[in-house]
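This report refers to the structure that appears directly beneath it.
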Ligand SMILES: Nc1ncnc2c1ncn2[C@@H]1O[C@H](COP(=O)(O)OP(=O)(O)OP(=O)(O)O)[C@@H](O)[C@H]1O
Ligand SMILES: Nc1ncnc2c1ncn2[C@@H]1O[C@H](COP(=O)(O)OP(=O)(O)OP(=O)(O)O)[C@@H](O)[C@H]1O
Ligand SMILES: [Mg+2]
Ligand SMILES: [Mg+2]
């Protein structure tokens, strides 16, 4: 029995929807193949609508009512934070799909996560900006949890990478026009690049507005837009040259044949796109990896008891996922490093790898 | 002996509260029941404001936010005990209601609705934007109330679920008692009178502005305490608590149950809290079903569920 | 012209009309009198179609109209000047009158409006003002004038003299009389029973949802019981 | 001592003078009537005296205190109470509660006392209920006490308003067409009720189109037309004033009023 | 100066979006005193409907027309099944019904069309038009023109036509409206149909700019509601001016003060304005004599 509480609806449904679909598909697939150690997986999946209060209730329900052995989920940092005490108190392994670094730092015995931290994304972007020989950055972040958390991390690590943040603007997740913010950033002395953390329609509108204003300085989006649908929404012409720190998933076909991730991402991409007819996104990938970690651990675990499972998850080693190659330990509950991020750029309406 | 409607409501409520736990198979049910009680507490406040006094607020979650964040912040910044923070939050909400209420309660109907909506949005915006203090959209952790361990040191050990069940049940009972007292008192009558006609209320000596403000403050305190309880129960809080959806939820619970009565409000809170839990098996049809139920109830039982069902039953009997 | 048989009506579970029979012949003026709460207003609302009928039937000009929706009854010639005036408070006096003639779009509307202004000159003065600002009596005039704009063949008046100055009360009864010469049938509910019975041909007396008495208006005025309970003489 | 003095009172609506320079005064226990054609400004005058409208000019003095433009609830505390021409009933409350709300000033205590149902609050509520029932009896509505006010007929609502106004135990009572919608017999009942109230010392300002009633019970009559006072005096004098007859009574009505007055004299 | 122009253009564009939605509120409100909280869903249906009809192969104009017609039908059905059945219910109940409808429609769309975000192609390309040193997208001109045309049509409807007056009469006094021969049910049907159509039209016009998904309705409806109240509910002039004003407020705040508190400033201005003018800018005070 596996539990999941995901924000399928609500403000984070853009993230939660592919996550939920991925979990369902993977459970189906593994059960069709006979389950784990002969046992079929029963998935209890609840939609918390992005509301931490609901998330906590569902977590309680998963533990108390459904008797699950592990929980995947917490699409947002807020919902993850709400589930954490429940997992902790009941000693149930919990693999979060949210970005914030606070989830695994400090490490809590039963809490894991699959996505890169926002900090890594910022560092990856700054690394690339630095490579281009630039240093003055304008930020335009969404005020949703994703954007706000990444903005915080970026502001924090900027000095270490020699970056100066010359503008720090925000937009609401439901806003429909960001030209005023972009105009302000454009007006800032010496601004050389723009970084815009966010997900959903916001980044697409930012990209379109950026073109409307005929701006030319490099535009960096976050991994929140890592999906082909971003290119469709922003327009192929408008998104030309946009860079993001992404995962191998988006460039499955471009990967070298000997790339360790090639097989995993190609398979997942085929599965997801075949079943849902919608393009894969990083977020579905997070769920894929969480599930993979769970399955891998369950196979190795002595029993399906919580503590054994937890130990097995901590013992995850060189597990290839869509996000990167995961090696966990008692001190590292994420198991990814910066190298698993790849800098991608949109060229001719498609993702390409920046060498 | 005839028992008054007030006693009937209180008795029914306490009997349910006492008996229900014996049928709870797991801690999950304690959690759900506590949520029902916490929501009901806020809804009782809405009943006073909307049901009695006829003033619509679409921003009451703002007060829940103040109450909730008081519990998160006051222990950190003021060194208050979490329990004292609840009171502190209630006071802060009361003062806030007093400040905001005076200008906006002069507005009527939808104009009041939009003004209160604005207030709610302002609160949630501050909570979202002041990341340094509030932790932003991801929220922040809340200190432990500590009462449970205090009790267990004294030989009364309760599980987390049982503990919160008891606390929320007691507080709801107290809240309902106060609201019921109010209903048939001079103040309550004044509120219902100004609902009927503000002009006439004035000529019988009711200070309409201050009566409205009183109702607004009282209901703000209800919302605030409810918000505090949510924060303490979850041991964390996010700005969602002050969001527009939460405001709408409160009003919907009140109206769906039967907004003019405490019993109706509690019933509405119970239904709308339980419904999503019951509907999880519908998966993607959950939203559709919820919307449908809201419409159907309001169409066919227009005074709300409780009065509607009651009159249906009576109609059968007659 | 108008005949009502066994009419019953209820508010929620409480029945307030317990089987009424009322007939109004073409060109007649018929008055209904009765104490507060007798059900006079309810009766007129049933005839106008804005109050549900639980039993019985209403026939108008030979057709049964019991179930005809209210808005269609005006086109058949039935107009009500309701209790409590029920004017459109947010619209101007002129708009109120024009809406009274909502069903018509000919030049007669203008003429009718001029007639209304002759009848109640004060409405002309106020024609472009919002009707909600009118005094009580002025609103009453507007309600009557609006009903007349609908060119009724049968006019239902619910306490038309209420709130009018004595000089206008007399005028209203004159208007009612003059309607007769225009072949308009009138069903009149009045508390000013004396004035009403004086202009009427026949009358009904209602008591708690029933017809207690009916007869020639002349005879009713002379009836000692009526004189004592309704005329106060 | 005069209880109410009105001096030079006036108000405009969109440039039209609805009431202009009206003045009169009233002693305790006295019944004064305001009459005049429709739209003369009677109700508007009431609205200014009772604080519903703020006067544009002039002064209202109640028991020696200048109360011009004071809010209705403050005037209520000074003993002024009124009924409305366009009924202002608390529709969804019961008939009894409507009257009880009239006892608000006497019944109210602190909000906390009400919230916690302190014995004092409960005692006051019980007293108010008892007295409210007595008042309902006085206006003949005792049997409707528990009904929802919105379900009463028009005439009954008029009486309910009178009962509610009486609950304030006012020093000055303003009645706007109390007999409208009542037949002759019912009007007479109200007639008696008003006289009784006046006898108990309450000053009454009456607006009414029922001349029989006005002529019979008022001590003094003020006649308005187009917002101005055109005549004032004792009933017999006013009813013979040609301007009043022309503007208001009409020749026919005059005869009737006179005749009926004579009729009453015979009793 | 160029910045100022850019803020102004942005404000007018966004404002025109709000105005279109506020205009949709106006009709239903004028017919029934109900603020239809499902109005945003009509906007969403217009956008989503066009996207899918277009994807199914219909040319854009035809797809838009189809979506508008379908949305109007849904508006009419909604009125018939829900609002009319609950005719005499108090206004709060009606509000809850519209909120229920909003949740319901979102739920259905999410099942049928999924949770993806979509965009319609712009009607006249995406090449920005320079204007006084600032840039505006051709689509913005479409939106602004749409708002103005709908405004003029509504304004004529309510002031010049008998039907418009009958709609007003229906909400002012339903009983009286029936007594003068107005088919109040038909007026309601008409209002919901037209209102939904205007909403859908708004959805078609704005989707190329704002993008669309099953959940764009609520935030748009809230902004439209605020705009309508700012201008004075029920008055088309108020809806237009309120919408544009709100848009300008937001963009100037974001440009000159703080993008963090742009919505806050807008709401504070609304609060202040309402405390001075409790009926909004163009709302008329209803006179009720006592
Ligand atoms: N909306 C309502 N709900 C419930 N009962 C009502 C309603 N309206 C009227 N009644 C009741 O129906 C009965 C008849 O009322 P109706 O208004 O027809 O009387 P009426 O003869 O017109 O009296 P009046 O002379 O006072 O106008 C009364 O007992 C009244 O209380
Ligand atoms: N709020 C208002 N807005 C516009 N005009 C008003 C308002 N109040 C009063 N008036 C005008 O002032 C005049 C006086 O009205 P008022 O109601 O005082 O008359 P009244 O003497 O009471 O008449 P009635 O006997 O018909 O009740 C009327 O012409 C009326 O139109
Ligand atoms: Mg009547
Ligand atoms: Mg008057």
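Chains as they are written, first to last, in my numbering: chain Y, 1047 to 1401; chain D, 437 to 754; chain F, 1310 to 1542; chain A, 1228 to 1494; chain X, 1412 to 1701. C-beta atoms are modelled at their ideal positions from N, C-alpha and C, and glycine is treated no differently. Here the structure is a predicted model, which means the values were calculated and not measured.
Thinking C-beta only, is residue j closer than 9 Å to residue i?
{"i": "residue 1123 (chain Y)", "j": "residue 1146 (chain Y)", "result": "yes"}
{"i": "residue 1590 (chain X)", "j": "residue 1456 (chain F)", "result": "yes"}
{"i": "residue 569 (chain D)", "j": "residue 509 (chain D)", "result": "yes"}
Using a 10 Å radius around the Cβ and a threshold of 16 neighbouring Cβ atoms, would you call residue i buried or exposed?
{"i": "residue 1350 (chain A)", "result": "exposed"}
{"i": "residue 1466 (chain X)", "result": "exposed"}
{"i": "residue 1329 (chain Y)", "result": "buried"}
{"i": "residue 1353 (chain A)", "result": "exposed"}
{"i": "residue 1693 (chain X)", "result": "buried"}
{"i": "residue 1480 (chain A)", "result": "Reliability fails at residue 1480 (chain A), whose pLDDT of 49 lies under 50, so the model's placement of it is uncertain and no value is given."}
{"i": "residue 672 (chain D)", "result": "buried"}
{"i": "residue 1230 (chain A)", "result": "buried"}
{"i": "residue 1343 (chain Y)", "result": "buried"}
{"i": "residue 1484 (chain X)", "result": "exposed"}
With 9 Å set as the bound, which would you pick, yes or no: does the beta-carbon of residue i sit closer than that to a beta-carbon of chain Y?
{"i": "residue 658 (chain D)", "result": "no"}
{"i": "residue 1465 (chain X)", "result": "no"}
{"i": "residue 1452 (chain X)", "result": "no"}
Roughly how many whole angstroms lie between the Cα atoms of residue i and residue j?
{"i": "residue 486 (chain D)", "j": "residue 1442 (chain X)", "result": "24 Å"}
{"i": "residue 1582 (chain X)", "j": "residue 1423 (chain F)", "result": "27 Å"}
{"i": "residue 1440 (chain F)", "j": "residue 1394 (chain F)", "result": "11 Å"}
{"i": "residue 1484 (chain A)", "j": "residue 632 (chain D)", "result": "Any reading at residue 1484 (chain A) needs caution, since the residue's pLDDT is 47, under 50, leaving its predicted position unreliable; the model's value is listed next. Going by the C-alpha atoms only, they are around 39 Å apart."}
{"i": "residue 1685 (chain X)", "j": "residue 1580 (chain X)", "result": "26 Å"}
{"i": "residue 635 (chain D)", "j": "residue 617 (chain D)", "result": "25 Å"}
{"i": "residue 531 (chain D)", "j": "residue 660 (chain D)", "result": "12 Å"}
{"i": "residue 1202 (chain Y)", "j": "residue 1628 (chain X)", "result": "36 Å"}
{"i": "residue 607 (chain D)", "j": "residue 1514 (chain F)", "result": "60 Å"}
{"i": "residue 1338 (chain A)", "j": "residue 1453 (chain A)", "result": "46 Å"}
{"i": "residue 1196 (chain Y)", "j": "residue 1165 (chain Y)", "result": "7 Å"}
Would a check of beta-carbon distances place residue i closer than 9 Å to chain X?
{"i": "residue 1263 (chain Y)", "result": "no"}
{"i": "residue 736 (chain D)", "result": "yes"}
{"i": "residue 1458 (chain F)", "result": "yes"}
{"i": "residue 754 (chain D)", "result": "Unreliable positioning characterises residue 754 (chain D) in this predicted model, as indicated by a pLDDT of 38, which lies under 50. A coordinate reading is not provided."}
{"i": "residue 648 (chain D)", "result": "no"}
Quick one: is residue i near chain F, going by C-beta distance under 9 Å?
{"i": "residue 1589 (chain X)", "result": "yes"}
{"i": "residue 1424 (chain X)", "result": "no"}
{"i": "residue 1592 (chain X)", "result": "yes"}
{"i": "residue 1699 (chain X)", "result": "yes"}
Shorter than 8 Å, the distance from the beta carbon of residue i to the closest heavy atom of ligand 6, or not?
{"i": "residue 1340 (chain F)", "result": "What this structure holds is ligand 1, ligand 2, ligand 3 and ligand 4, not ligand 6."}
Could you tell me whether any Cβ in chain A is nearer than 9 Å to the Cβ of residue i?
{"i": "residue 1584 (chain X)", "result": "no"}
{"i": "residue 625 (chain D)", "result": "yes"}
Give the list of continuous alpha helix (DSSP H) stretches no shorter than 4 residues that lie fully inside the region 1143-1218 of chain Y.
Those alpha helix (DSSP H) runs which fall completely within the region 1143-1218 of chain Y and span 4+ residues are 1164-1177 and 1191-1203.
query = Along the chain, which unbroken stretches of the beta strand (DSSP E) at least 3 residues long are found entirely within the region 1065-1142 of chain Y?
reply = Runs of beta strand (DSSP E) with 3 or more residues, each lying fully within the region 1065-1142 of chain Y, are found at 1089-1093, 1116-1119 and 1140-1142, listed in chain order.
Hey, which unbroken runs of the alpha helix (DSSP H) at 4 residues or more fall wholly within the region 1363-1430 of chain F?
1379-1384, 1402-1409 and 1417-1428
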